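K.L.:
My structure is below; once you've seen it, I'll send some questions.
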Amino acid sequence: MKKVLATLIFTAAVLTLSAAPATPKYKDPARKTDERVEDLLGRMTLQEKLGQLSQTLLASPADAMAGVKDGSTGSFCCVKSHLPSVADRNALQRAAVEQSRLGIPLYFGFDVIHGFKTLFPTPLGMAASWDPGLVKQAAVAAAAEGASWGMDIAFSPMVDVSRDARWGRISECFGEDVLMNRRFGRACVEGYQGTDLKNKLSMGSCVKHFVGYGAALGGRDYQFTELSERALRETYLPSFHECIEAGAVSVMSAFNDISGSPASANPFTLTKVLRGEWGFRGFVLSDWDAVYELEMHGIAGDDAQAAVAALSAGVDIEMKTKTYISTLEKSLAEKKIDIKTIDEAVRRVLRVKFDLGLFDDPYTDESLQKTQIKTDEKKALSRKAAGECMVLLKNNGVLPLKGKERNIAVIGNWANCLDIFGWWTGAVDERDGVTVMQGIAAAAPKGTQVINGSMGRMMKPEVAVVCVGESGSMFGEDHNRSDITLPWGQAEMIRQIKERGSKVVAVVFNGRPLALEEIMPYVDALVIAWHPGSESGNALADVLYGKVNPSGKLPVTFPRSTGQVPLFYCDRPSGRPDKDTYIDMDAKPLFPFGFGLSYTTFDYSDLTVAGNVDAKSEATVSVTVTNTGKAAGKEVVQLYIHDKVASVTQPDKKLIDFTKIELAPGASQVVTFKVTARQLEILGRDLKPVLEPGEFDVWAGGSSESGLHALLTAK
Ligand code: BGC
109 MKKVLATLIF
119 TAAVLTLSAA
129 PATPKYKDPA
139 RKTDERVEDL
149 LGRMTLQEKL
159 GQLSQTLLAS
169 PADAMAGVKD
179 GSTGSFCCVK
189 SHLPSVADRN
199 ALQRAAVEQS
209 RLGIPLYFGF
219 DVIHGFKTLF
229 PTPLGMAASW
239 DPGLVKQAAV
249 AAAAEGASWG
259 MDIAFSPMVD
269 VSRDARWGRI
279 SECFGEDVLM
289 NRRFGRACVE
299 GYQGTDLKNK
309 LSMGSCVKHF
319 VGYGAALGGR
329 DYQFTELSER
339 ALRETYLPSF
349 HECIEAGAVS
359 VMSAFNDISG
369 SPASANPFTL
379 TKVLRGEWGF
389 RGFVLSDWDA
399 VYELEMHGIA
409 GDDAQAAVAA
419 LSAGVDIEMK
429 TKTYISTLEK
439 SLAEKKIDIK
449 TIDEAVRRVL
459 RVKFDLGLFD
469 DPYTDESLQK
479 TQIKTDEKKA
489 LSRKAAGECM
499 VLLKNNGVLP
509 LKGKERNIAV
519 IGNWANCLDI
529 FGWWTGAVDE
539 RDGVTVMQGI
549 AAAAPKGTQV
559 INGSMGRMMK
569 PEVAVVCVGE
579 SGSMFGEDHN
589 RSDITLPWGQ
599 AEMIRQIKER
609 GSKVVAVVFN
619 GRPLALEEIM
629 PYVDALVIAW
639 HPGSESGNAL
649 ADVLYGKVNP
659 SGKLPVTFPR
669 STGQVPLFYC
679 DRPSGRPDKD
689 TYIDMDAKPL
699 FPFGFGLSYT
709 TFDYSDLTVA
719 GNVDAKSEAT
729 VSVTVTNTGK
739 AAGKEVVQLY
749 IHDKVASVTQ
759 PDKKLIDFTK
769 IELAPGASQV
779 VTFKVTARQL
789 EILGRDLKPV
799 LEPGEFDVWA
809 GGSSESGLHA
819 LLTAK
């Protein structure tokens, strides 16, 4: 009997096992991503597909739950004012994975622009370091903080080349130069994403804003951009291409209209170039409301037309507005869009979710924050980065402070305040930083009286550190200025302090190049600090006291007046170069691109060019750099070229390489750059890259307006 019973039990068990549904292919981590994507796609309803193409602003986790469960939300855009806790994030994710029909995980995106909880300098400030390796380390740190908070995608880097100081968002890019935006963009992508996207401390990168956004007319945000295909290909596209080559998983389409075709419905940029020419396989996310705004641009009469225009041009996910999910089913029935286009967009989204590891490991380990957020290492890195980014523009010997000053007054709007975090402030607590006053008080040797704020204005301090500039709300998105001089009578304050007889060290906190000519006669030293982040005061004290020898160089031209804007180093020559001026002022900048002083001096000698460049061989350009001063210091060695005669006019100067070196006093180093055909290629009349034989000017030096000159030949 026992035997019969055992046989029955065994048979029942086998039957139960064989009746259990097989694990769907898409849930099997052992299968290839593309196979998993196709399997999942084949199981999805149209509404579920449209849900994946719909990104919701996460205002309240409780309110968002229904859309997660029914699959109508595929991802969330998180903002600082409503940042979910990790527990909230995991609860939403659990609902997606366990309670939606197919269990497709969500992703959470956030503007990790220059840090998350530990802030680094603003991107424009970071570019002043001319050190992509450092920026990569900052991106690694920012991603670790963001990821430990449950954020999966960083809406960064912004690689919009910008040459207009009036535009508030110039603070978010890496300056006016193409190569700078390429190198720093790549550094960010590599830093956020790391070598393994599935790593719990890395984030996917969403490169923005594709494309041409930095060329907004008049420096007014969101405005029309008039961009020829040449301008796009020469100036605005290369930084995005570099980020795609670095492996960025997503791209954000921009708000601007590009010569009649808005960037968020532009088949040329989004499909022909991005997918066709560059082979991008990730997804494109629209900027905030940008699909709906196609109606304001006047290329769509209603939500349905806007959705069709954006999706068919190549925008896969709509951020915030809901035109896709509310209209595409009808448009499909009316044959205004086809299912292949929808499927292809969904495929791209799913592929990235698989690549990020969200299907196999969807939750954030809540204990990670303890070891990742605001660690001492990250604070130290932020302090280091801020010090490396400060640019010394004038110094008559007052700096570095000698430590023997009887008294130092720390004066001005930014002396004692923390409005030095930039416009995007990550998820930082606004009180969590080091003020200038705190930094200087901590660094000043015993015996120095450090006088705080307005008291200092009344007295006649030996040295006045005057902290001036722009608040975080004077730049950034939709915060443009028609006048880029110092606001609120700060220039007059500097003059008065100087006239009372103090030595004036002006420290400028800024998000854009400012026109500082009026203060120059009254300052003994001028430091551009940008908005330096969490460790602002400490980093500034390091620089003022010479613990850090300044090595930052300008990533943007500083004009004399707003009237000169746009002013940048790499414009094309005119037929009358000597007439390139104004009747009422000099046309030259106050401080050129690439300029910055140090507490030591560097001498350049022996510029030599070896070899010619052709398709197969490269030349080398070598220059000897000597530290001729008394302090150890870092120098950014910059290499510029000019194609003397070409079929298409070429910039007066073009940065083709740079490196940062460190030299002890008296030490010399031979810096050697390789010059390849690719660096000398131009876009010919047919817009194809070509190496045209002929002579090139070459300069190697410490700024775009200095340097030794030689000639180089392309064969
Ligand atoms: C900005 C983007 C940002 C997005 C989400 C938009 O207004 O243009 O840069 O990523 O908001 O916060």
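The opening position of the sequence shown corresponds to residue 109 in the numbering used here, with each subsequent residue numbered one higher. Just so you know, even glycine gets a beta-carbon here, dropped at the ideal spot from N, CA and C. None of these values were measured; they are calculated from a predicted model.
1. Within 10 angstroms of the Cβ of A772, are there 16 or more other Cβ atoms? Answer buried if so, exposed if not.
2. Is W275 near the ligand BGC, in the sense that its beta carbon is under 6 Å from a heavy atom of that ligand?
3. Three or more C-beta pairs closer than 8 Å, one from the segment 419 to 430 and one from the segment 380 to 396: is that the case here?
4. Between K110 and the rest of its own chain, which residues show a CB-CB distance below 8 Å, the 5 nearest in sequence each way excluded?
5. Among E401, F318 and G406, which has the Cα closest to the Cα of F376?
6. Short check: CB of L820 to CB of V806, under 7 Å?
7. Cutting at 8 Å between CB atoms, please list the residues of its own chain near G584, excluding the five before and the five after it.
8. What span of residues does the alpha helix (DSSP H) with L419 cover, start to end?
9. Kindly provide the ranges of any beta strand (DSSP E) runs that are 3 or more residues long and lie completely inside the segment 720 to 798, ordered along the chain.
10. Give the secondary structure of T689 by DSSP, where H, G and I count as helix, E and B as strand, and everything else as coil.
11. Mind reading off the beta-carbon distance from A649 to A740? Whole number of angstroms is fine, and I expect it under 8 Å.
12. Have a look at A174, I516 and R271 and flag the residue whose alpha-carbon is nearest the alpha-carbon of L325.
13. I need the boundaries of the beta strand (DSSP E) containing N560, first residue and last residue.
14. Counting by C-beta, which residues lie closer than 7 Å to a heavy atom of the ligand BGC, in chain order?
15. Measure the beta-carbon distance from I605 to A572 and round it to whole angstroms, keeping in mind my assumption that it falls under 8 Å.
16. Assuming E350 is part of the alpha helix (DSSP H), what are its boundary residues?
17. Whose CA, out of T784, A412, L476 and Y471, lies closest to the CA of I445?
18. Below 8 Å on the Cβ atoms is my contact criterion, and I expect R575 with G641 to pass it. Report the Cβ-Cβ distance as a whole number of Å.
19. Whole angstroms are fine: how far does the CA of A130 sit from the CA of L123?
20. Taking the alpha-carbon of M311 as reference, which of D463, I528 and G671 has the nearest alpha-carbon?
21. For L125, I'd like the list of residues in its chain whose CB is within less than 6 Å of its CB, leaving aside the five on either flank, ordered along the chain.
22. Check whether the segment 717 to 735 touches the segment 680 to 689, taking contact to mean three or more Cβ pairs, one atom from each stretch, closer than 8 Å.
23. Is T483 a contact residue of the ligand ATP, with contact defined as CB to any heavy atom under 6 Å?
24. Could you check whether L200 and C186 sit closer than 7 Å to each other, using their CB atoms as the reference points?
25. Which residues in the same chain as G322 place their Cβ atom closer than 8 Å to its Cβ, once the five residues preceding and following it in sequence are excluded?
26. Any idea which residues DSSP pairs Q163 with across the strands?
27. What did DSSP end up calling P681 once you bin it into helix, strand or coil?
28. Give every residue of the same chain whose Cβ lies closer than 6 Å to the Cβ of E600, excluding the five residues on either side of it in the sequence, and list them in chain order.
29. Thinking just about the alpha-carbon of each residue, which of A174, I221, T226 and R389 is nearest to the one in A203?
30. When you compare the segment 431 to 444 with the segment 404 to 419, are there three or more beta-carbon pairs, one atom per stretch, that lie closer than 8 Å?
31. Secondary structure at V499, three-state DSSP: helix, strand or coil?
32. DSSP has N515 in a bridge; who is on the other side?
33. What first and last residue would you give for the alpha helix (DSSP H) that runs through L698?
34. Reducing DSSP to helix, strand and coil, say where M152 ends up.
35. Taking the alpha-carbon positions, what's the K478 to C525 distance?
36. Tell me, which residues are paired with G809 by DSSP?
P.N.:
Straight from the coordinates:
1. Position 664 of the sequence shown, counting from 1, holds the residue named residue 772. A772 comes out exposed.
2. For the purposes of this step, residue 275 is taken as residue 167 along the sequence shown, with counting starting at 1. W275: no, Cβ never under 6 Å from the ligand BGC.
3. yes
4. Within the sequence shown, the letter at position 2 stands for residue 110. Because K110 sits at a pLDDT of 47, beneath the cut-off of 50, its placement in the model cannot be relied upon, and the following sentence gives the value as read from the coordinates. None.
5. Taking the sequence shown and counting its residues from 1, the one referred to as residue 376 is at position 268. Cα-wise, what sits closest to F376 is F318.
6. Numbered from 1 along the sequence shown, position 712 holds the residue referred to as residue 820. Numbered from 1 along the sequence shown, position 698 holds the residue referred to as residue 806. Contact flag set, yes.
7. Within the sequence shown, the letter at position 476 stands for residue 584. Result list for G584: G276, R277, S279, E280, G530, W531, W532 and G619, in chain order.
8. As a position in the sequence shown, residue 419 is number 311, starting the count at 1. Run containing L419: D411 to A421, per the alpha helix (DSSP H) assignment.
9. 727 to 735, 741 to 751, 762 to 771 and 776 to 783
10. The sequence position of residue 689 within the sequence shown is 581, counting from 1. T689 falls in the coil class under three-state DSSP.
11. Translated into positions along the sequence shown, residue 649 becomes position 541. Translated into positions along the sequence shown, residue 740 becomes position 632. So it is not a contact: roughly 19 Å between Cβ atoms.
12. Here residue 325 is taken as the residue at index 217 of the sequence shown, counted from 1. If we check each option's Cα against that of L325, R271 comes out closest.
13. Residue numbering aside, residue 560 sits at position 452 when the sequence shown is read from its first letter. That run of the beta strand (DSSP E) goes Q557 to N560.
14. C185, V187, D219, F263, M266, K316, H317, M360, F363, D395, W396, M427 and E585
15. Counting from 1 along the sequence shown, the entry for residue 605 is found at position 497. Counting from 1 along the sequence shown, the entry for residue 572 is found at position 464. Indeed they touch by this definition, with Cβ atoms about 5 Å apart.
16. One-based indexing of the sequence shown puts residue 350 at position 242. From DSSP, the alpha helix (DSSP H) with E350 extends over P346 to E353.
17. The sequence position of residue 445 within the sequence shown is 337, counting from 1. I445 has its Cα closest to that of A412, out of T784, A412, L476 and Y471.
18. Residue 575 sits at position 467 when you count from the first residue of the sequence shown. Residue 641 sits at position 533 when you count from the first residue of the sequence shown. The sequence given here has Cys at residue 575, not Arg. So it is not a contact: roughly 15 Å between Cβ atoms.
19. Translated into positions along the sequence shown, residue 123 becomes position 15. Translated into positions along the sequence shown, residue 130 becomes position 22. At L123 the pLDDT is 46, less than 50, meaning the model places this residue with poor confidence; the figure from the coordinates comes in the next sentence. Straight-line Cα distance between these residues: approximately 14 Å.
20. As a working mapping, residue 311 is identified with position 203 in the sequence shown. For the residues D463, I528 and G671, the minimum Cα distance to M311 belongs to D463.
21. Numbered from its first residue, the sequence shown carries residue 125 at position 17. Caution applies to L125, whose pLDDT of 48 falls short of 50 and renders its modelled position unreliable; the value that the coordinates give is listed next. None.
22. no
23. By its list of ligands, the structure shown excludes the ligand ATP, since it contains just the ligand BGC.
24. Walking along the sequence shown from the start, residue 186 turns up at place 78. Walking along the sequence shown from the start, residue 200 turns up at place 92. In this structure, L200 does not lie closer than 7 Å to C186 by Cβ.
25. Your numbering for residue 322 matches position 214 in the sequence shown. Only D268, V269, S270, R271, D272, W275, R277, I278, C281 and Y344 meet the Cβ criterion.
26. By one-based count along the sequence shown, residue 163 stands at place 55. Partner(s): S183 and M427.
27. Taking the sequence shown and counting its residues from 1, the one referred to as residue 681 is at position 573. Three-state result, P681: coil.
28. Taking the first residue of the sequence shown as 1, we reach residue 600 at position 492. Around E600: no qualifying Cβ.
29. Taking the sequence shown and counting its residues from 1, the one referred to as residue 203 is at position 95. Checking every option, the nearest Cα to that of A203 belongs to A174.
30. yes
31. As a first step, residue 499 is located in the sequence shown; it is residue number 391 there, counting from the start. Here V499 sits in strand by DSSP.
32. Walking along the sequence shown from the start, residue 515 turns up at place 407. Per DSSP, Q557.
33. Walking along the sequence shown from the start, residue 698 turns up at place 590. Run containing L698: none; DSSP gives neither H nor E here.
34. Walking along the sequence shown from the start, residue 152 turns up at place 44. Three-state result, M152: coil.
35. Translated into the one-based positions of the sequence shown, residue 478 becomes position 370. Translated into the one-based positions of the sequence shown, residue 525 becomes position 417. Distance between the alpha carbons of K478 and C525: 28 Å.
36. Here residue 809 corresponds to residue number 701 of the sequence shown, with the count starting at 1. Paired residue(s): Q746.
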